[in-house]
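Okay, structure first, notes after.
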Amino acid sequence: MKKHLLIQSLLCMVACVFVACAKTDAYYPEEQPDGLPRLVVSGVVKNTEQTPLAGVKITLETDDPQPMASYNFALTDTAGRYTIIRYRGKDFPVSVSLTAEDPQGVYESQTLVAPVTYDSVRVYRPRAMVPYNAFVTADFTMTNHQ
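This is the structure:
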């Protein structure tokens, strides 16, 4: 009988610990997403005939003194696609400026301003959903030099 009472007491104490932890923020640690918030810019570059253009340089306009490949600029692949991934920083831009340049000089350079959207993560201090990664989709249609 004493053994049975001892086991019940221990189970009750363990249950009380779980209940006490469940009512504190210590039980719900702040969610830490993997890595730092990113700005992901992607799109497709085509000519007016809708043919994908390879080798076009897409530059993300920034204040960085030394642009780095895949961080501030990218070259389109054979399907005309490009992707730039960089650290977003603490800013929450609503738009970004991009320039498409044809290194061979066949097509005119083009600059556009594209809107930014955000995903979000849940944090528990304060308990809320907050914006995190930024995404931009910007497609270019380039025209021949006349």
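Converting from the sequence shown to this note's numbering requires adding 156 to each position, the first position being numbered 1.
Heads up, the beta-carbon is just placed ideally off N, CA and C, and yes, glycines get one too.
This one's a predicted model, so the numbers in the text were calculated from it and none came from an experiment.
Here Val197 is actually not in contact with Val269; their C-beta atoms are around 12 Å apart, not less than 8 Å. Under the three-state reduction of DSSP output, Ser253 falls in the strand class. Spanning the alpha carbons of Thr234 and Gln266 requires a straight line of approximately 19 Å. Taking all protein chains in view, the Cβ of Thr239 is surrounded by fewer than 16 other Cβ atoms within 10 Å, so the residue is classified as exposed. Comparing alpha carbon positions, the residue from Val272, Tyr274, Ala210 closest to Leu231 is Ala210. Shown here, Leu209 sits in coil according to DSSP, grouped into three states, outside any helix or strand. According to the DSSP assignment, Gly199 belongs to the beta strand (DSSP E) that extends over 194 to 203. Closest in C-alpha terms to Pro271, from the list Arg194, Leu254, Glu264, Gln206, comes Leu254. Between the alpha carbons of Thr297 and Lys202 lies a distance of about 5 Å. Here Asp258 is near Val212, since their CB atoms are less than 8 Å apart.
The C-beta of Val252 has 16 or more other C-beta atoms within 10 Å across all chains shown, which makes the residue buried.
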